[in-house]
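Right, one structure below, let's go through it.
Residue numbers (this note's numbering): 4 to 172.
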């Protein structure tokens, strides 16, 4: 009988603790980052100066833009070590949706430097193969491994729809 009372007491205490230990006190708000409005994946292509031909015969590659650890007005432009090997930190003007880097910003894949200028994100101006209206991204980049040549990058936001994957110039 003594064991049954102990068992019941433990069971009641355990059951009560389940109800009270799971109370979050409301819905948690994880917040966001300062650059969440422009963060995401993009399809972009580097063009030779003048914009008529692709640089080195390349095509669209997937880029990402995402916040830095500082969570300020800077973000990373990253092609995931593809093709032109670009990963650099740029500064965003959130009101105008423009961005640029400091001159000779470290490029983290090649240990070279890059200067990114004239960065612009334009809302809802590009129509994908799936007829989805998405944002467009453009910027210029001059790499220390090819000084004096300013490559023009153009691209659009990635939808994730199958028909929009892997576009070609």
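The beta-carbon is built from N, C-alpha and C at its ideal position, and this holds for glycine as well.
Nearest-angstrom Cα distance between residue 86 and residue 97? Numbered from 1 along the chain shown, position 83 holds the residue referred to as residue 86. Numbered from 1 along the chain shown, position 94 holds the residue referred to as residue 97. One C-alpha to the other measures close to 29 Å.
Coil, strand or helix - residue 114 by DSSP: Along the chain shown, one-based indexing puts residue 114 at 111. If DSSP states are grouped into helix, strand and coil, residue 114 belongs with coil.
Have a look at residue 141 and residue 33 and give me their C-alpha separation to the nearest angstrom. Numbered from 1 along the chain shown, position 138 holds the residue referred to as residue 141. Numbered from 1 along the chain shown, position 30 holds the residue referred to as residue 33. One C-alpha to the other measures close to 31 Å.
Compare the C-beta of residue 85 against all C-beta atoms of chain B and say whether one is closer than 9 Å. In the structure shown, chain B cannot be found, because there is only a single protein chain.
According to the Cβ coordinates, are residue 135 and residue 164 closer than 9 Å? Position 132 of the chain shown, counted from the start, is the residue given in the question as residue 135. Position 161 of the chain shown, counted from the start, is the residue given in the question as residue 164. Remark: C-beta atoms of residue 135 and residue 164 approach each other more closely than 9 Å.
For residue 29 and residue 51, the rounded distance between their alpha carbons: Your numbering for residue 51 matches position 48 in the chain shown. Your numbering for residue 29 matches position 26 in the chain shown. Approximately 54 Å, taken between the alpha carbons.
Decide if residue 171 is buried, meaning its Cβ has at least 16 other Cβ atoms within 10 Å, or exposed. Start at 1 with the first residue of the chain shown, and residue 171 comes out as number 168. Under this definition residue 171 is an exposed residue.
Whole-angstrom C-beta distance between residue 36 and residue 74, which should lie under 8 Å: Here the question's residue 74 lines up with position 71 in the chain shown. Here the question's residue 36 lines up with position 33 in the chain shown. Right, the Cβ-Cβ distance comes to about 5 Å (below 8 Å), so this counts as a contact.
Please list, in chain order, all residues of the same chain as residue 124 whose beta carbon is under 6 Å from its beta carbon, the five residues on each side excluded. For the purposes of this step, residue 124 is identified with residue 121 of the chain shown, where counting begins at 1. The answer, listed in chain order, is 41, 100, 138 and 140.
For residue 73, name the three-state secondary structure that DSSP assigns. Here residue 73 refers to the residue found at position 70 when the chain shown is read from its first residue. Looking at residue 73 - three-state DSSP - the assignment turns out to be coil, as it is neither helix nor strand.
In whole angstroms, what is the alpha-carbon distance linking residue 48 and residue 21? By 1-based counting over the chain shown, the position of residue 48 is 45. By 1-based counting over the chain shown, the position of residue 21 is 18. Rounded to the nearest angstrom, the two C-alpha atoms are 54 Å apart.
Could you say if the region 103-120 and the region 61-71 meet the contact criterion of at least three C-beta pairs nearer than 8 Å? Contact check between the region 103-120 and the region 61-71: fewer than three CB pairs, one atom from each, fall below 8 Å, which does not count as touching.
Any idea which residues DSSP pairs residue 67 with across the strands? By one-based count along the chain shown, residue 67 stands at place 64. Answer is 44 and 81.
Distance check for residue 31 and residue 115, CA to CA, integer angstroms please. As a position in the chain shown, residue 115 is number 112, starting the count at 1. As a position in the chain shown, residue 31 is number 28, starting the count at 1. Each residue's Cα considered, the two are about 42 Å apart.
Quick check on residue 10: buried or exposed, where buried means 16 or more other Cβ atoms within 10 Å of its Cβ? Here residue 10 corresponds to residue number 7 of the chain shown, with the count starting at 1. By the 10 Å Cβ count, residue 10 comes out exposed.
Rounding to the nearest angstrom, what Cα-Cα distance links residue 63 and residue 155 in this structure? Along the chain shown, read from residue 1 onward, the residue named residue 63 stands at position 60. Along the chain shown, read from residue 1 onward, the residue named residue 155 stands at position 152. Straight-line Cα distance between these residues: approximately 13 Å.
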